[in-house]
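Visitor:
Chains as they are written, first to last, in the working numbering: chain A, 1 to 427; chain W, 1001 to 1341.
#1: Given that a residue counts as buried once 16 or more other Cβ atoms are within 10 Å of its Cβ, and exposed if not, what is residue 93 of chain A?
#2: Taking buried to mean at least 16 other C-beta atoms within 10 Å of its own C-beta, is residue 1328 of chain W buried or exposed?
#3: Give me the Cα-Cα distance between residue 30 of chain A and residue 61 of chain A, rounded to the nearest whole angstrom.
#4: Per the contact definition of three or more C-beta pairs closer than 8 Å, is the region 194-203 of chain A in contact with the region 250-267 of chain A?
#5: Mapping DSSP to helix, strand and coil, what is residue 422 of chain A?
#6: Return the bridge partner residues of residue 218 of chain A from the DSSP annotation.
#7: How long is the line joining the alpha carbons of residue 1117 of chain W and residue 1199 of chain W, rounded to whole angstroms?
#8: If you measure beta-carbon to beta-carbon, which residues of the region 1156-1173 of chain W are closer than 9 Å to chain A?
#9: If you follow the alpha helix (DSSP H) that residue 290 of chain A is in, where does it begin and where does it stop?
#10: Output the boundary residues of the beta strand (DSSP E) element that contains residue 271 of chain A.
#11: How would you list, in chain order, the residues of chain A whose beta-carbon sits under 8 Å from the beta-carbon of residue 1113 of chain W?
#12: Is residue 1192 of chain W close to chain A? Criterion is C-beta to C-beta, closer than 7 Å.
#13: With residue 1082 of chain W as the anchor, note down where its beta strand (DSSP E) starts and where it stops.
#14: Starting from residue 162 of chain A, trace the beta strand (DSSP E) in both directions and tell me its first and last residue.
#15: Work out the CA separation of residue 325 of chain A and residue 333 of chain A for me, nearest whole Å.
#16: How would you list, in chain order, the residues of chain A whose beta-carbon sits under 9 Å from the beta-carbon of residue 1081 of chain W?
#17: Could you tell me whether any Cβ in chain A is nearer than 7 Å to the Cβ of residue 1389 of chain W?
#18: Anything in chain A within Cβ reach of residue 1187 of chain W, meaning under 9 Å, just list it in chain order.
#19: Leaving out five residues on either side along the sequence, give the residues of the same chain with a beta carbon under 6 Å from the beta carbon of residue 348 of chain A.
#20: So is residue 315 of chain A buried or exposed if we call it buried at 16+ other beta carbons inside 10 Å?
#21: Could you tell me if residue 1345 of chain W is buried or exposed, where buried requires 16 or more neighbouring beta carbons within 10 angstroms of its beta carbon?
#22: I need the DSSP call for residue 213 of chain A, collapsed to helix, strand or coil.
#23: What is the rounded straight-line gap between the Cα of residue 130 of chain A and the Cα of residue 111 of chain A?
#24: Which partner residues of residue 111 of chain A appear in the DSSP bridge assignment?
#25: Could you work out which residues of chain A lie near residue 1278 of chain W, taking near to mean beta carbons separated by less than 7 Å?
#26: With a 10 Å radius around its C-beta and 16 neighbouring C-beta atoms as the bar for buried, classify residue 1076 of chain W as buried or exposed.
#27: Using a C-beta to C-beta distance shorter than 7 Å, which residues of chain A count as neighbours of residue 1300 of chain W?
#28: Which residues, in order along the region 402-427 of chain A, keep a beta-carbon less than 7 Å from a beta-carbon of chain W?
#29: May I ask you to list, following chain order, the residues of the region 1071-1101 of chain W that have a beta carbon less than 7 Å from some beta carbon of chain A?
#30: Could you spell out where the alpha helix (DSSP H) holding residue 366 of chain A opens and where it closes?
#31: Comparing C-alpha positions only, which one of A:356, A:317, A:409 and A:358 sits nearest to residue 237 of chain A?
#32: For residue 258 of chain A, count the other beta carbons within 10 Å of its own beta carbon; 16 or more makes it buried, fewer makes it exposed. Which is it?
#33: For residue 191 of chain A versus residue 162 of chain A, is the C-beta spacing smaller than 7 Å?
#34: In this structure, what does DSSP give as the bridge partners for residue 1118 of chain W?
#35: My understanding is that residue 1084 of chain W touches residue 1305 of chain W, with C-beta atoms under 8 Å, so please give their C-beta distance in whole angstroms.
#36: Would you tell me roughly how many angstroms separate the C-alpha atoms of residue 1335 of chain W and residue 1237 of chain W, rounded to the nearest one?
Okay, structure coming up:
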């Protein structure tokens, strides 16, 4: 069975190889027709922002087809199996930041090294973004698309009711560090509306705090050490503090109840609010939240989410695919993606462009989001990321949910986290 | 079957050839013709003998490709350490994955949950189906409409049904908690509790499968000879007594069939607990994680393909054991009634 598969792969590979040779011989460089297929997940934005059409107009010999899978969970499962078989891969494949570490690890040989292509400028990316897509031996296997610099989203109407300042500069000044953020929460709980929680969830608090550290779940030499790091300890303690003080709405982020809670205005702040979250809040808070949400500076901005695009070695049009990938992630296109879709650029050159710097968000009371997130992006630390980051953080969040919803003591909740993770991470 | 064909084939071939040999006047059949005839009869025999196998072969070929091969391959993978990141890179472990399951608290937790959810969803479901079928078996106006209505839950997808139920069982904005609030009961955090979450899941299963089992029971009930009911009512049996002493014994094979099918379904329960909160861990404390969900989490979230394969095989062995138990049980019940099972 495998032999047949391999033979088929080889055959198509050879045929494709022949085809491109013929084409090159025929019409000279770059004039032969090529179809480039791009694999993405969710609403990635390239197509929606009209970037493919623009590229096709600029390069008439290129046709672009996109293949999108709604959830990254399904997308990455398919990508993994295809990489393992080294077949069925598209010309360009998107990689979410949560999966980039497994790609730069053992699998990095399956991706082309952008350093080997002359037309590709990797110098305009934020250094830490480029680092994330670079393998140990210096191969750059992914070009950054967007990043998720964080602010703090808050409801001005509830803050006003609680007698707190509402102006975003004053609110930013209140949040000098995370302890101060929780102290404001105590004040809010005492004076604010009775049926409104200060923040959505202890898990959201944990994420906001832990992400601002360089070392979270892995040490610099790639060992899992989440039980010892200062990041996890501090974030856990602050989240427990928020939960025990009754400041949270005991939600689980991205579940239906959380979405409904936005629509019902059940909490006043979101502690970790990256650029892409603004659209999410707008979608779920809807009419009810219009004119009530605003965004302030985070005391410790971090990065949440963002993606890369890479070109698999198994592709048949690598040369053209690399050109397209470089164009899609160039500063101008990233700026366009931000103004059209709200995906914040991973290119520091794009941050200087007026389209980014002067951007405001209508739903968030015309907040100068370009300025706020550009400032946040400059403070993002170079976080060490490992292949099991997502699993570790999800299980810690589950521990906090157990503490909030099932009444586990902090010690019991933590030991359940450790035993779940021992099982999940064991080979 | 085969004996029939053997009887049918010979007269034809001899009957065809014999008259030609005896008639002297007609041209002697040439060697070629003889050979042709022989070949034809041979083809005919082969056709009768082997074509039935050809006709049924598609099923077995598909079964081999999509049933047997995955089963064996999963068994092979269960003996290895293998990661979903690179599934072809396997390290031989022997039975380690299975011995590890023996000491795995999360496996036993999932097994326990599968068992309890299976009981609280299957038992009420089959009892209700039996009762509904009995009622529908009477002459009712619009009985066809009732039967169609019963089958509609079965025709909806698990995902759609579960998402609706998840909204009904929502903690803050769910309709069930709203209704409980009307009668002065505090909101229940359905998803967080062990029993409440398992109850919620079993209601989805019951809602979806009761109608299906009802129709199966109904079909079996309609095959029960009317004479039995007539003579029972002549003897003065009430409707309940007719149900108890005529319907139930006649339905025994059907009941066993539905119990077996429901048990298999309960053991493989996956979609409902996965979609209740949309996460494969089955609750923050795995309070409603079933075996199917644990398999999925191990293989596709934590990327341990070999361990997931071992869970799959443990589930398979479990079903075989349950199947054997049922078989023994039916034999015992059959013997006690003086029948051969």
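Each residue gets a CB set at the ideal place from its N, CA and C atoms; glycine is no exception.
Guide: Reading off the structure:
#1: Under this definition residue 93 of chain A is a buried residue.
#2: Its Cβ having fewer than 16 others within 10 Å, residue 1328 of chain W is exposed.
#3: Bear in mind that a pLDDT of 49 at residue 30 of chain A, under 50, signals an unreliable position, so the model cannot answer this.
#4: Contact annotation: the region 250-267 of chain A touches the region 194-203 of chain A, with at least three C-beta pairs closer than 8 Å.
#5: Note: residue 422 of chain A maps to helix in three-state DSSP.
#6: DSSP lists A:224 as partners of residue 218 of chain A.
#7: Distance between the alpha carbons of residue 1117 of chain W and residue 1199 of chain W is about 7 Å.
#8: Listed in sequence order: 1163, 1166, 1167, 1170, 1171, 1172 and 1173.
#9: For residue 290 of chain A, there is no enclosing alpha helix (DSSP H), as DSSP marks it with neither H nor E.
#10: Per DSSP, residue 271 of chain A belongs to the beta strand (DSSP E) from 267-274.
#11: Simply none; closest approach about 15 Å.
#12: For residue 1192 of chain W, the answer is yes, since a Cβ of chain A falls inside 7 Å of its Cβ.
#13: That run of the beta strand (DSSP E) goes 1080-1083.
#14: Counting along the chain, no beta strand (DSSP E) covers residue 162 of chain A, and no H or E run does either.
#15: Cα to Cα, the separation comes out at about 11 Å.
#16: Per Cβ cutoff of 9 Å: 427.
#17: Past the boundaries of the shown model lies residue 1389 of chain W; chain W is included only from 1001 to 1341, so the question cannot be answered.
#18: Below the 9 Å Cβ cutoff, chain A contributes no neighbours of residue 1187 of chain W, its closest Cβ being approximately 12 Å away.
#19: Excluding residues within five positions, the ones whose Cβ falls inside 6 Å are 126.
#20: By the 16-neighbour rule on beta-carbons within 10 angstroms, residue 315 of chain A is buried.
#21: Outside the displayed range of chain W (1001 to 1341) lies residue 1345 of chain W, so it cannot be described from this structure.
#22: Note: residue 213 of chain A maps to coil in three-state DSSP.
#23: So the two alpha carbons sit approximately 15 Å from each other.
#24: Residue 111 of chain A is bridged by DSSP to A:312.
#25: Scanning chain A for C-beta atoms nearer than 7 Å to the C-beta of residue 1278 of chain W yields 255, reported in chain order.
#26: When all chains shown are included, residue 1076 of chain W counts as exposed.
#27: Going along chain A in sequence order, the residues near residue 1300 of chain W (Cβ under 7 Å) are 77.
#28: When CB distances to chain W are screened at a threshold of 7 Å, the residues of the region 402-427 of chain A falling below it are 402, 405, 406, 416, 423, 424 and 427, in chain order.
#29: So the list reads 1081, 1084, 1085, 1086, 1087 and 1088, given in the order they occur along the chain.
#30: Unbroken run through residue 366 of chain A: none, as it is neither H nor E.
#31: Restricting attention to A:356, A:317, A:409 and A:358, the CA atom closest to the CA of residue 237 of chain A is found in A:409.
#32: Classification for residue 258 of chain A: buried.
#33: Yes, these two residues count as a Cβ contact at 7 Å.
#34: BP columns for residue 1118 of chain W are empty, so no partner.
#35: Contact holds; Cβ gap of about 5 Å.
#36: Approximately 27 Å, taken between the alpha carbons.
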